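Numbered by this note's numbering, the letters in the sequence shown go through residues 14 to 171 in order. Quick reminder that beta carbons are idealized off the backbone N, C-alpha and C, glycines included. Because the structure is a prediction, the values reported are computed rather than measured.
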Amino acid sequence: MGTDIHGFIEVRSSHIDTSEPDDDEPFLRWHAAMALAHVYNDRSYEAFGCLFGVRNGSFEPLAARRGFPQDASRAAARAYQWELEDAHSPSWIDWAELEAAEWDEPAAPLAQRPARDDRLTRRQAVRDEDWGDVWTVMRTLAERRGAENVRLVVWFDN
C-alpha cells in the first residue's frame with residue numbers, strides 16, 4: 014500500500030473568512046489559502062522523506078513529525094479530523110524555512126557503500142516539476158504577507 018500526502022497551504026492574516034459563518038472579527042490567525050491537492054497530487058517518497066521524514070531516510074528532513082499545529086486553519090483542522098483514523102506523521106513547514114534550506118545538499122551516503130559523487134540532492138528529491146506549483150503559491154503569498162506567515166501543513170496516510 015502506498016503513502017499519500019494531504020494538507021493545506023496556509024497564510025496568517027487578519028482576514029475575515031466569509032466562508033465561516035461565525036467569522037466576523039478580524040484578528041490575526043491562520044487561514045487556508047489552498048488545499049495541497051489543488052497544486053500537488055503525486056507520490057514521491059524521496060520528497061516526502063526530504064521534507065518531512067516520511068518513507069525515505071536519505072536526507073535529514075527539514076520538518077519531521079512536528080505534529081499538527083494547534084493554531085491550524087479551520088479548513089485544515091476539519092480535514093485532518095476527518096482523516097484522523099488513517100492519518101500519520103503530521104507536520105508543517107513555513108516559507109522562511111523552505112527559502113533557507115540548502116537545496117544542493119546531497120543525500121547521506123549509504124552506510125554499506127562509500128560516498129559517491131552522484132548522490133541525489135534535495136533539489137533533485139523535491140523536483141520542481143512536481144512541487145513547483147506549491148512553491149509558486151507559497152512564494153506569492155510570502156511576498157504579500159511575509160515568509161513566516163505562509164506555511165504548508167501536511168499529514169500522510171497509507
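- Looking at the DSSP output, F169 bridges to I18, H101.
- Under a 10 Å Cβ-count criterion, D107 is classified as buried, with 16 or more other Cβ atoms of the shown protein chains found around its own Cβ.
- Secondary structure note for W43: its beta strand (DSSP E) is the uninterrupted segment 42-48.
- With a 10 Å radius around the Cβ and a threshold of 16 neighbouring Cβ atoms, R140 comes out exposed.
- Just measuring C-alpha positions, the residue of S26, F72, F169, A92 sitting nearest D117 is F72.
- Within the same chain, Cβ atoms closer than 6 Å to the Cβ of A120 are found at S71, F72, R132, L133, the five residues on either side in sequence being excluded.
- Taken through DSSP and simplified to helix, strand or coil, R25 comes out as strand.
- In the displayed model, R164 falls within a strand according to three-state DSSP.
- In this structure, W43 sits near R164, with a CB-CB distance shorter than 9 Å.
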